[in-house]
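Below is one structure, written out as structure tokens; the observations come after it.
Residue numbers (the working numbering): 453 to 816.
Put into structure tokens, the structure is as follows:
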């Protein structure tokens, strides 16, 4: 055991020594992503502890979360009757199960400090999963990672000082992406669906996942993967669907929810009547769909043959192209793919409208 430990320490010291000798290369060479990622994760141990101990916690949604899951634990399965201080329960069933565990771990939600440290672990896990994506793709210079974690006040605020449900959904999502990178598509779809069951905004990434599945498997072999996603949603929601199916679907997957202008950050420059107008909402949706189509035809799909060929089994496509894997696809698109996912956690809180509560900016 002792020689093995010595070898482990010597390997780490050798890596640090080489890193110091090539300190400028460490910042720009993606080959050093793992080394810099380890250093930043260690630094984040101190940063997260300091934030929890020194920066005041701000109550926004945590108490409402606990009230909502307490209703379920007390035997109420009708979604229309579940609510907290800030409004009704508007998240899918996976949220209920995960936050029920938090409910017990934090003494019925009363021990905020324990909850903060749970979310600190969740933050470090998320950071590890994000770094692992970049380690696999090897395309981004490592210096950007400092700004992604240690220098990001807002991310620390969302995870450690607000205890929102976005970090839970994003951690599961990044785990799903890591599984896809390992070519474990069934498990990747399973955990993607689990992330959706925590918060509906993960569905924004569903078109990208569908494209990857079609590239890798074709239409017929994609259907079982989609069934995995659907079956998990049904299984998790079954107690609520049996009680009030319409109430569950309307509350947890409400696509018509109206946003409140007073809490917006990104669209503050607009007049309120423009922000609230349905035409503006349709314009945003159209821009999103157009963006997806542009990426689909001009970024993701550039093989020279019809996109309908994706519906065929990969072995039957002509001309036979190089086998597509999650690694090759995500390597080409990783900056758009991964940064978008990471910032989804931030952007959803900037709107913060489904409960009508303000999101205050970090003050440290």
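Quick reminder that beta carbons are idealized off the backbone N, C-alpha and C, glycines included.
Where residue i falls: helix, strand or coil (DSSP)
i           : result
residue 568 : helix
residue 536 : strand
residue 526 : coil
residue 729 : coil
residue 685 : helix
residue 543 : coil
residue 784 : The predicted position of residue 784 is uncertain, since its pLDDT is 38 and thus under 50; a value taken from the coordinates is nonetheless stated next. Helix.
residue 660 : helix
residue 650 : helix
residue 560 : coil
residue 606 : helix
residue 617 : coil
residue 697 : helix
residue 598 : helix
residue 758 : coil
residue 583 : helix
residue 635 : coil
residue 768 : helix
residue 753 : coil
residue 676 : helix
residue 709 : coil
residue 691 : helix
Beta-carbon spacing of residue i, residue j below 8 Å
i           : j           : result
residue 674 : residue 684 : no
residue 632 : residue 662 : no
residue 613 : residue 507 : yes
residue 487 : residue 598 : no
residue 624 : residue 650 : yes
residue 484 : residue 594 : yes
residue 521 : residue 543 : no
residue 546 : residue 515 : no
residue 482 : residue 590 : yes
residue 641 : residue 495 : no
residue 817 : residue 750 : Because the chain here runs from 453 to 816, residue 817 falls outside it and cannot be looked at.
Among the options, the one whose alpha carbon lies nearest that of residue i
i           : options            : result
residue 524 : 497, 711, 689, 505 : 689
residue 535 : 507, 513, 720      : 513
residue 567 : 668, 616, 577      : 616
residue 529 : 740, 699, 722, 550 : 699
residue 711 : 701, 558, 736      : 736
residue 586 : 479, 726, 489, 723 : 489
residue 579 : 538, 627, 532      : 627
residue 477 : 504, 592, 576      : 592
residue 549 : 733, 538, 621      : 621
residue 498 : 706, 707, 608      : 608
Cβ shell of residue i (< 6 Å), same chain only, five flanking positions each side left out
i           : result
residue 763 : 671
residue 509 : 564, 613
residue 676 : none
Residue i beta carbon near the ligand PLP (any heavy atom closer than 7 Å)
i           : result
residue 705 : This structure lacks the ligand PLP, and indeed carries no ligand of any kind.
Residues of its chain near residue i, where Cβ-Cβ distance is below 8 Å and the 5 sequence neighbours each way are ignored
i           : result
residue 645 : 680, 681, 682, 684, 685
Own chain partners of residue i with C-beta closer than 7 Å, once the 5 adjacent residues on each side are dropped
i           : result
residue 728 : 713
residue 540 : 534, 703
residue 596 : none
residue 532 : 696, 699, 703
residue 584 : 630
**Request:** List in chain order: all unbroken alpha helix (DSSP H) runs of 4+ residues lying wholly within the segment 482 to 513.
**Result:** 485 to 506
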